[in-house]
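>
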Amino acid sequence: ALGSIEITRITYPVYNLVIILAGFITALTLWIYITKTKTGVVMRAVASDYEMALALGVNIRKVYMQTFIIASAIAGFAGAIIVPTSAAVLGMSIEILILAFVVIVIGGLGSIKGAFLGSLLVGLTRVIGVTYFPKIELVILYAVAAIILIIRPRGLFGK
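For the sequence shown, the residue numbers in full-length UniProt numbering are 1 to 159.
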């Protein structure tokens, strides 16, 4: 129990701030890895143009394996830090999966910056929804997502 702190007259659990910090550090680390390392550049090349990467001699199986390992590690880490906030039960991932889908759709497929901005928008929308309109919080979230998709069908940073 890390306790809680008060931010603008709202009591906030310290562990939630730890989760936010961990998410930010994870996203920043992933962004640096994908954009600044040779392996990250190769991963982006394979994602962008599979045939060209294959023609240039890239070991596609190795890149897929590396990508799978990184994604699995991030998913495992996310599960480990989220479990203390709720009971670990079969099917608990459905709500998280739906929220992640909304984040990616809002941000745009294939964009780390979009995913980051999408997560901020989803978080802010959920907080406002729960605080002022608790019975229709998810409706508000999906309405915001729908409006963004009407205005920008590929998401905020989609290509």
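Idealized CB from N, CA, C, for every residue including glycine.
DSSP beta-bridge partners for GLU6?
Translated into positions along the sequence shown, residue 6 becomes position 6. Looking at the DSSP assignment, GLU6 forms a beta bridge with THR11.
> Count the other C-beta atoms from every protein chain shown that fall within 10 angstroms of the C-beta of VAL63, then say buried if there are 16 or more, exposed otherwise.
Position 63 of the sequence shown holds residue 63. Classification of VAL63: buried, given that the 10 Å Cβ count is 16 or more.
> Relative to the C-alpha of LEU141, which residue among THR131, TYR50, VAL122, ALA115 is closest?
Numbered from its first residue, the sequence shown carries residue 141 at position 141. Looking at the Cα atoms, VAL122 is the closest of the given residues.
> The alpha helix (DSSP H) with GLY110 in it runs from where to where?
Position 110 of the sequence shown, counted from the start, is the residue given in the question as residue 110. From DSSP, GLY110 is part of no alpha helix (DSSP H); its letter is neither H nor E.
> Suppose you measure from the CA of LEU156 to the CA of VAL102; what does that come to, to the nearest Å?
Locating residue 156 in the sequence shown gives position 156, where the first residue counts as 1. Locating residue 102 in the sequence shown gives position 102, where the first residue counts as 1. One C-alpha to the other measures close to 12 Å.
> In terms of residue numbering, what span does the alpha helix (DSSP H) encompassing PHE77 cover?
As a working note, residue 77 is residue 77 in the sequence shown. Looking at the DSSP string, the run of the alpha helix (DSSP H) that includes PHE77 is 60-82.
> To the nearest angstrom, report how far apart THR85 and LEU21 are at their CA atoms.
In the sequence shown, residue 85 corresponds to position 85, counting from 1. In the sequence shown, residue 21 corresponds to position 21, counting from 1. About 15 Å.
> Between ALA55 and ALA45, which are expected to be in contact by the criterion C-beta below 8 Å, what is the C-beta distance as a whole number of angstroms?
Within the sequence shown, residue 55 is the residue found at index 55, counting from 1. Within the sequence shown, residue 45 is the residue found at index 45, counting from 1. Actually they do not touch by this definition, with Cβ atoms about 11 Å apart.
> When you compare each of ILE19, SER48, GLU6, ILE32 to SER119 by their alpha carbons, which one comes out closest?
Locating residue 119 in the sequence shown gives position 119, where the first residue counts as 1. Closest by alpha carbon: ILE19.
> Can you tell me which of the three DSSP states SER48 falls into?
The residue you call residue 48 lines up with position 48 of the sequence shown. Of the three classes helix, strand and coil, the one that applies to SER48 here is helix, per DSSP.
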